[in-house]
Amino acid sequence: MDRIAITGGARLQGEIAISGAKNSAIKLMAASLLTDEPLRLTNMPRLADTRFLGALLRRLGTEVEEVNGPDGPQTVLTTGEITSAIAPYDLVRQMRASFNVLGPLLARTGQAKVSLPGGCAIGARPVDLHLKALEALGAQIDLHEGYVYAQAPRGLKGAQIDFPFVSVGATEHALLAAALARGETVIGNAACEPEIVDLADCLNAMGARIEGAGTPVVRILGVDRLKGATHAVVADRIETGTYALAAAMAGGEVRLTNTRTDFVESLLTKMEEAGVEVERRADGMVIRRNGHRLAPVELTTDPYPGFATDLQAQFMALMTLADGESVIRETIFENRFMHAPELMRLGAEVAVAGGEARVKGVERLTGAPVMATDLRASVSLVIAGLAAQGETTVSRVYHLDRGFERLEEKLSACGAQIRRIRGEGGQEDEE
Ligand code: EPZ
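The sequence shown: position 220 = 220 (our numbering), numbered continuously.
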């Protein structure tokens, strides 16, 4: 397996263009199952996760073509006919979001058999809300032998779906399924993440009638059929925040382009509170930090527009060098501090109790071999390595490859001393 080696201490100087959002791209790809016409996605990130979903979609009958368009990578997905409505365990296990093909398969063919995804490194992550939403839309759901068997022989029917708490995946799943349902669906307590708005925009371009995406109440008037469309994947707010934090950690001045500041406002406010300079621009931002120690910060993760759980590990890395004690509360996932013991191998002082981590800033980190446990945890170790004295090697890099496109290239273009060490063997586990 590959490893990433970082020699810390180099300040970052330069520009990084942000890619399309992984967490949007994979749901948009699933939307292609809803039409027999081509869906062209531009600003597509090329990642392990988009490849996983491409492989699953091919199994279901989709033609997946990766092309280089005038503005960068595109993927064209055409599902003339669904040739199989079965998503097997070996493919869903590799990436949980594959589960979101269930709704589109059901909406288009009236039946589906999709493996349950199971737990993962950051928590149990059940799919009960997804299933309740589909049942509300009239699906008959049976679970056996690790699979969901879903049927809606007379099609799905619009309904009121009130989520007891915010779920990004379940909101997206409800949108995908309700787009072709008969009549009106109203989703209450919907997630408001930019990826939800992106999915609704794409579905509307395909002929759906969705209003209110990005607010807690979304209305979907079902249509008989959807058509092909061209849609640009929204900027990756987590990649944006990660490079903003990398620049703050290493020091220097980095300009992030092809992205939006409003997507990461809760992060930028916390970075400013810590003493990082942020200049907001029309197409992104400039992050500056010059030498001085940062102030500690208190933060709690929350659904959008709150502080993103997917940036919590990276922010913790930054706070390991603050001048005082920071408090970080994780409220979205029950087991998302796996990076803490790895950061401690670099000299950080972190005490975790339940959903709260207290980070006592130290004057310096020292390079060491560390191990990635999930996607965002692994990139927090890379960020910490940028500021640690000596060499840090991060193993299990396949986690990083799931969600960060050309990470070493983007960071080394700004002066980071980072390289990939190619290794033997494949992936040992998955997120
Ligand atoms: C999405 O996961 C993202 N993944 C996650 O990013 C992100 O951390 C998360 O949203 C929160 O922002 C993708 O978009 C592919 P949820 P999702 O449903 O949709 C519980 C990354 O690193 N829950 O909003 O799975 C759940 O266990 C990944 O890119 C239920 O109990 O998250 C969690 O505690 C990691 N039952 C909470 O809700 C359900 O049916 C929020 O999860 C569904 C969720």
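For every residue, glycine included, the Cβ atom is placed at its ideal position computed from N, Cα and C.
When burial is assigned at 16 or more other CB atoms within 10 Å of the CB, is residue i buried or exposed?
i, result
"residue 198", "buried"
"residue 165", "exposed"
"residue 103", "buried"
"residue 320", "buried"
"residue 353", "exposed"
"residue 431", "With a pLDDT of 37 at residue 431, under the threshold of 50, the predicted position of this residue should be treated as unreliable, though the coordinate-derived value follows. So residue 431 ends up on the buried side."
"residue 224", "exposed"
"residue 217", "exposed"
"residue 74", "buried"
"residue 290", "exposed"
"residue 94", "buried"
"residue 201", "buried"
"residue 127", "buried"
"residue 80", "exposed"
"residue 167", "buried"
"residue 84", "exposed"
"residue 153", "exposed"
"residue 124", "exposed"
"residue 108", "buried"
"residue 215", "exposed"
"residue 445", "Nothing can be reported for residue 445, as the shown portion of the chain is limited to 1 through 431."
Roughly how many whole angstroms lie between the Cα atoms of residue i and residue j?
i, j, result
"residue 263", "residue 23", "14 Å"
"residue 1", "residue 374", "15 Å"
"residue 227", "residue 14", "42 Å"
"residue 284", "residue 163", "33 Å"
"residue 401", "residue 50", "11 Å"
"residue 209", "residue 184", "10 Å"
"residue 27", "residue 87", "15 Å"
"residue 251", "residue 288", "7 Å"
"residue 428", "residue 422", "Residue placement at residue 428 cannot be trusted, given a pLDDT of 45 that sits under 50; the coordinates are not used to answer."
"residue 275", "residue 97", "36 Å"
"residue 411", "residue 131", "41 Å"
"residue 416", "residue 246", "10 Å"
"residue 187", "residue 173", "11 Å"
"residue 433", "residue 20", "As shown, the chain starts at 1 and ends at 431. That puts residue 433 outside it, with no answer to give."
"residue 418", "residue 43", "26 Å"
"residue 182", "residue 221", "8 Å"
"residue 7", "residue 110", "54 Å"
"residue 156", "residue 177", "8 Å"
"residue 396", "residue 120", "15 Å"
"residue 409", "residue 45", "14 Å"
"residue 90", "residue 138", "28 Å"
"residue 236", "residue 48", "15 Å"
"residue 171", "residue 194", "12 Å"
"residue 253", "residue 272", "15 Å"
"residue 351", "residue 9", "26 Å"
"residue 59", "residue 29", "14 Å"
"residue 25", "residue 233", "6 Å"
"residue 144", "residue 92", "16 Å"
"residue 161", "residue 146", "25 Å"
"residue 301", "residue 69", "37 Å"
"residue 344", "residue 393", "14 Å"
"residue 314", "residue 241", "9 Å"
"residue 18", "residue 82", "34 Å"
"residue 261", "residue 140", "42 Å"
"residue 159", "residue 142", "20 Å"
My understanding is that residue i touches residue j, with C-beta atoms under 8 Å, so please give their C-beta distance in whole angstroms.
i, j, result
"residue 54", "residue 64", "4 Å"
"residue 328", "residue 357", "5 Å"
"residue 330", "residue 359", "So it is not a contact: roughly 13 Å between Cβ atoms."
"residue 267", "residue 311", "6 Å"
"residue 31", "residue 180", "Wrong, their Cβ atoms sit about 11 Å apart, outside the cutoff."
"residue 384", "residue 407", "Contact flag wrong, Cβ pair sits at about 14 Å."
"residue 342", "residue 362", "Incorrect: roughly 15 Å between the Cβ atoms, too far for contact."
"residue 304", "residue 414", "28 Å between Cβ atoms; not a contact."
"residue 317", "residue 249", "6 Å"
"residue 346", "residue 368", "5 Å"
"residue 122", "residue 336", "5 Å"
"residue 62", "residue 33", "7 Å"
"residue 169", "residue 100", "7 Å"
Are there any heavy atoms of the ligand PLP lying less than 6 Å away from the beta-carbon of residue i, as far as the coordinates show?
i, result
"residue 124", "As for the ligand PLP, it is missing from this structure, which binds only the ligand EPZ."
### Task
Give, in chain order, every unbroken run of the alpha helix (DSSP H) that is at least 4 residues long and sits entirely within the stretch 71 to 122.
Runs found: 89 to 94, 102 to 109.
### Query
Taking only runs of the beta strand (DSSP E) that begin and end inside the stretch 237 to 267, which ones reach a length of at least 3 residues, in chain order?
Within the stretch 237 to 267, the runs of beta strand (DSSP E) that reach at least 3 residues and sit entirely inside it are, in chain order, 252 to 257.
### Query
Can you list the beta strand (DSSP E) stretches of 3 or more residues lying completely in the stretch 364 to 394, in chain order?
Counting only runs of 3 or more, we get 369 to 371.
### Query
What are the uninterrupted segments assigned as alpha helix (DSSP H) that are 4 or more residues long and contained completely in the stretch 130 to 204, given in chain order?
Complete alpha helix (DSSP H) runs here, min 4: 168 to 178.
### Task
Taking only runs that begin and end inside the stretch 260 to 340, name each unbroken alpha helix (DSSP H) of 4 or more residues, in chain order.
Listed in chain order, the complete alpha helix (DSSP H) runs (minimum 4 residues) inside the stretch 260 to 340 are 265 to 274, 312 to 319.
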